[in-house]
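Since the structure comes first, as structure tokens, the remarks are kept for the end.
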Amino acid sequence: MAKVPVKCPNCGKDFEVNENATRGKCPYCKISLVFENVVETPPVRSHVADAGKRETKAAQKKGVVEEKVDISHIEYAVDALSVEDINPRNISDIAAIESIEMENDYLPIEKRVDRILKSRG
């Protein structure tokens, strides 16, 4: 099988995949990838400089691997959180919040920093 050079969209490292591959992982950053239109295309050289640059970029773009992620459900959940009222409504909620104790697992340096900050007012 022929190998085709591709570039990871996440870490930017170059690596090779089989030309028939449709899915895989970057060997460097381990991100899951979907390969589309992975065809080995030699760089196109043109006598006209501008046309050559456009053709080369188009040829390189065919080898680019992109991962498409639908995050609309995450955005919807975040938007819903920002709309909700953050004040407790039930007396049981208030009692639960007041029963939460502060952690006393401070390192000695954290205690000294807290004392300095309190002394500065």
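Residues 24 to 144, numbered by the numbering used here, are exactly what the sequence shown covers, in order.
Cβ coordinates follow ideal geometry from the N, Cα and C atoms, glycine included.
State the start and end residues of the unbroken beta strand (DSSP E) segment that holds Pro131.
-> Counting from 1 along the sequence shown, the entry for residue 131 is found at position 108. Residue range 131-143 is occupied by the alpha helix (DSSP H) that includes Pro131, with no beta strand (DSSP E) assigned at that position.
Point to revise | Coarse secondary structure for Glu27, derived from DSSP in three states | key: Along the sequence shown, one-based indexing puts residue 27 at 4. Note that residue 27 is Val in the sequence shown here, rather than Glu. If DSSP states are grouped into helix, strand and coil, Val27 belongs with the strands.
- Jot down the residue ranges of each uninterrupted beta strand (DSSP E) in the stretch 37-62, minimum 3 residues, whole runs only, in chain order. Segments of the beta strand (DSSP E) lying fully in the stretch 37-62: 37-41, 46-48, 55-57.
Which same chain residues end up closer than 6 Å to Lys165 when comparing Cβ atoms and leaving out the 5 residues on each side of it in sequence? For residue 165 there is no data in the structure shown, the boundaries of the chain being 24 and 144.
Inter-residue Cα distance where the pair is Lys36 and Lys30: The count along the sequence shown starts at 1 and reaches residue 36 at position 13. The count along the sequence shown starts at 1 and reaches residue 30 at position 7. Cα to Cα, Lys36 sits roughly 6 Å from Lys30.
Check: Would you call Val40 buried or exposed, if buried means 16 or more other Cβ atoms sit within 10 Å of its Cβ?
Finding: For the purposes of this step, residue 40 is identified with residue 17 of the sequence shown, where counting begins at 1. When all chains shown are included, Val40 counts as buried.
Fill in: Rounded C-alpha distance that separates Ile97 from Lys91
By 1-based counting over the sequence shown, the position of residue 97 is 74. By 1-based counting over the sequence shown, the position of residue 91 is 68. Going by the C-alpha atoms only, they are around 15 Å apart.
**Item:** Where Ile117 sits in the DSSP three-state scheme
**Value:** Position 94 of the sequence shown, counting from 1, holds the residue named residue 117. Note: Ile117 maps to helix in three-state DSSP.
Considering only their Cβ atoms, is the gap separating Val27 from Ser45 smaller than 9 Å?
Walking along the sequence shown from the start, residue 45 turns up at place 22. Walking along the sequence shown from the start, residue 27 turns up at place 4. Looking at the sequence itself, residue 45 is Thr, so the reference to Ser does not match. Cβ distance not < 9 Å, so Thr45 and Val27 don't count as in contact.
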